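Visitor: Its first residue numbered 99, the sequence shown is counted upward by one per residue in my numbering.
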Amino acid sequence: MHRYSSAPNFFTATLLSLALASIFLTACASSFGGSVPLFSSSSSGQEIFAANCAVCHGVSGEGQPDWHIKRSDGTLPPPPLNGDGHTWHHGDGLLYRIISQGGKTLEDPNYPGFKSGMPAFGERLTHEETVEVIEYVKSLWGDKSKLGMSIRESQKLVSEQDPFPEGN
Ligand code: HEC
99 MHRYSSAPNF FTATLLSLAL ASIFLTACAS SFGGSVPLFS SSSSGQEIFA
149 ANCAVCHGVS GEGQPDWHIK RSDGTLPPPP LNGDGHTWHH GDGLLYRIIS
199 QGGKTLEDPN YPGFKSGMPA FGERLTHEET VEVIEYVKSL WGDKSKLGMS
249 IRESQKLVSE QDPFPEGN
């Protein structure tokens, strides 16, 4: 008798959890459905990144696996830009030079074996677009921190000595 009387409750509970599960799944599908992650930044920096950078650095700037191991041609695979690598060690000025002049700005006569695989975007992106894509990359760092300091804060300090160039 008891079992029969509790059956409708069980039924309602099952229906309710199915309904909740479908709401949850729909919410997940809409937040992960796009090809570009949802981060707070101008959509334009995000679009520039998706169109020009994601092919190598990954849709969320996660980089390639084994990015720090040199390939047989002497180039490195594209590193993460999302704060997991060392991009945040570079001030705005150096980030700008790497993107507009290409990774050859990183080549060092003291390490002649290094060949850069990072293309130059100076002909393809305007000054504003270059700054926007860098601001977008920085937005990927969120609140990650190293040695107790937010990496965005430490990058800001480095940038005081090496700011963005003036626009033309
Ligand atoms: C063809 C692949 C490729 C594309 C496309 C590409 N990169 Fe790179 N990028 C690399 C590689 C490889 C490196 C590693 C350094 C090197 O080899 O010069 C790199 C390095 C960098 C670095 C230095 C990272 C660090 O931690 O020192 C930044 C910043 C960067 N890329 C930003 C961008 C941005 C922004 C775009 C799009 C506008 C872009 N890259 C497009 C391959 C690419």
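From the three backbone atoms N, C-alpha and C, an ideal C-beta is built for every residue, glycine too. On a predicted model such as this, the values are computed, not experimentally measured, just so you know.
1) Going by DSSP, name the residue or residues bridged to residue 158.
2) How close, in whole Å, do the beta carbons of residue 174 and residue 186 come, if the pair is a contact with beta carbons under 8 Å?
3) Can you tell me whether residue 259 is buried or exposed, with buried defined as 16 or more other CB within 10 angstroms of its CB?
4) Quick check on DSSP: helix, strand or coil for residue 244?
5) Using C-beta distances below 7 Å, list every residue in its chain close to residue 138, excluding the 5 sequence neighbours before and after it, in chain order.
6) If you reduce the DSSP assignment to three classes, tell me which class residue 194 lands in.
7) Comparing the C-beta of residue 151 with each C-beta of chain D, is any distance below 9 Å?
8) Can you have a look at residue 193 and say buried or exposed, based on whether 16 or more other CB atoms are within 10 angstroms of its CB?
Guide: In short:
1) Partner residues in a beta bridge of residue 158, as assigned by DSSP, do not exist.
2) The beta carbons of residue 174 and residue 186 sit about 18 Å from each other, so the pair does not count as a contact at 8 Å.
3) When all chains shown are included, residue 259 counts as exposed.
4) For residue 244, the three-state secondary structure derived from DSSP is strand.
5) Caution is warranted here: a pLDDT of 49 is assigned to residue 138, below 50, making its placement in the model unreliable, and the coordinate value is therefore given only provisionally. Answer for residue 138: 237, listed in chain order.
6) In the structure shown, residue 194 sits in a helix (DSSP, three-state: H, G or I).
7) Structure shown: chain D not included; a single protein chain is present.
8) Buried: at least 16 other Cβ atoms inside 10 Å.
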